[in-house]
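Student: Numbering (the numbering used here), first residue to last: 66 to 406.
This is the structure I have questions about; it appears just below.
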């Protein structure tokens, strides 16, 4: 008994058949096997090829139309393209089905691997995109990764408390004090190596000793916790300058640009504490405009002006000097009288 299936279908031969009469599918299959038997030798005999699984089941689809039988024949093949083409040409030699004349024409030989190739190419494109976006880092990401690893490797420890610090904490004349390990790592990543973290509100004795030897800049978070740490640090250490992160941000979150901007805007410790006390009393937290020696500190002219009436001086009532704020110095002035006409 011949096989009705094959392991691998490489090609599918599709032929059109037209029979001058009404016939069945079995008549067409019998005509194909009978009229091609011995035509191509034993190696390409349809029965032997089907028995060995080299070709599949011959499928016939017939429809009666006007006293004729018209339909399609499909033949799956695992042979190469040359042998498959020879078989297809042999099918066209069928000229009768039973007592009726027939005409069989090859429509096409379809390579079933084309669809597989298309699927393969689409899948390969998807895999390449996946690798490019998830597996292969960009050059900038690679550089940041290397820099991060190097900076993390440079993280050192200071004092018996093993405080996190940069490698140059004892080499430079000036140091930066921040709150914790994450702050130190962020500053190291941005090329600041003279930093040390205190690890909380409790100030270690080694920090107090270090502040006596160095010029100290305290880098605070932009929240109330930074003020608490500064007060605790001021009790035991000598502080020179204070820098602060933008309000609502922590030092560990800052970008390189924000770090540089905050350090450049540092103020002396005494001035910062004065501003902090003013803030606690409801005054401005920081004085920029209106500071001593700065713009907006000129006293308004309160000399009496001469009236246009009879040369007498029109003295304006004296008003108390308004409170100065960080934004503007206000003055209150009565409108000048309008001369009578």
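Heads up, the beta-carbon is just placed ideally off N, CA and C, and yes, glycines get one too.
Determine the extent of the beta strand (DSSP E) in which residue 229 is found, giving its start and end residues.
Tutor: Against the chain shown, residue 229 aligns to sequence position 164. It spans 228-230 - the beta strand (DSSP E) in which residue 229 sits, taken as one unbroken run.
Student: Taking all protein chains shown into account, do 16 or more other C-beta atoms lie within 10 angstroms of the C-beta of residue 136, making it buried, or fewer, making it exposed?
Tutor: Within the chain shown, numbered from 1, the residue matching residue 136 stands at position 71. Its Cβ being crowded by 16 or more others within 10 Å, residue 136 is buried.
Student: Kindly indicate the opening and closing residues of the alpha helix (DSSP H) around residue 297.
Tutor: To locate residue 297, count along the chain shown from 1; it is residue 232. From DSSP, the alpha helix (DSSP H) with residue 297 extends over 289-301.
Student: Where residue 243 and residue 336 are concerned, what is the direct C-alpha to C-alpha distance, given to the nearest angstrom?
Tutor: On the chain shown, position 178 is the one that residue 243 refers to. On the chain shown, position 271 is the one that residue 336 refers to. Computed Cα separation, rounded: 19 Å.
Student: Can you tell me whether residue 311 is helix, strand or coil according to DSSP?
Tutor: Within the chain shown, numbered from 1, the residue matching residue 311 stands at position 246. Coil at residue 311, not helix or strand.
Student: How about residue 231 and residue 253: are their beta carbons less than 7 Å apart?
Tutor: Counting from one through the chain shown, the residue named residue 231 turns up at place 166. Counting from one through the chain shown, the residue named residue 253 turns up at place 188. Yes, they are a contact pair.
Student: Which same chain residues end up closer than 8 Å to residue 156 when comparing Cβ atoms and leaving out the 5 residues on each side of it in sequence?
Tutor: Taking the first residue of the chain shown as 1, we reach residue 156 at position 91. Within the same chain, residue 156 has close Cβ partners 78, 80, 97, 101, 138, 140, 169, 171.
Student: Thinking C-alpha only, which one of 132, 167, 134, 143 is nearest residue 116?
Tutor: By 1-based counting over the chain shown, the position of residue 116 is 51. Out of 132, 167, 134, 143, 143 has the C-alpha closest to the C-alpha of residue 116.
Student: How far does the beta strand (DSSP E) with residue 173 in it extend, from its first residue to its last?
Tutor: Residue numbering aside, residue 173 sits at position 108 when the chain shown is read from its first letter. Run containing residue 173: 165-176, per the beta strand (DSSP E) assignment.
Student: Kindly indicate which three-state DSSP category residue 280 falls into: helix, strand or coil?
Tutor: Taking the chain shown and counting its residues from 1, the one referred to as residue 280 is at position 215. Looking at residue 280 - three-state DSSP - the assignment turns out to be strand.
Student: Grouping DSSP H, G and I as helix and E and B as strand, with all else coil, what is residue 161?
Tutor: Translated into positions along the chain shown, residue 161 becomes position 96. Strand.
Student: With residue 262 as the anchor, note down where its beta strand (DSSP E) starts and where it stops.
Tutor: For this step, residue 262 is matched to residue 197 along the chain shown. Start and end: 260-262.
Student: Taking residue 284 as the reference, which of 161, 251, 270 has the closest Cα?
Tutor: What you label residue 284 is simply residue 219 of the chain shown in a count that begins at 1. If we check each option's Cα against that of residue 284, 251 comes out closest.
Student: What does DSSP give as the partner residues of residue 25 in its beta bridges?
Tutor: Any answer about residue 25 is impossible in this case: the structure gives the chain only from 66 up to 406.
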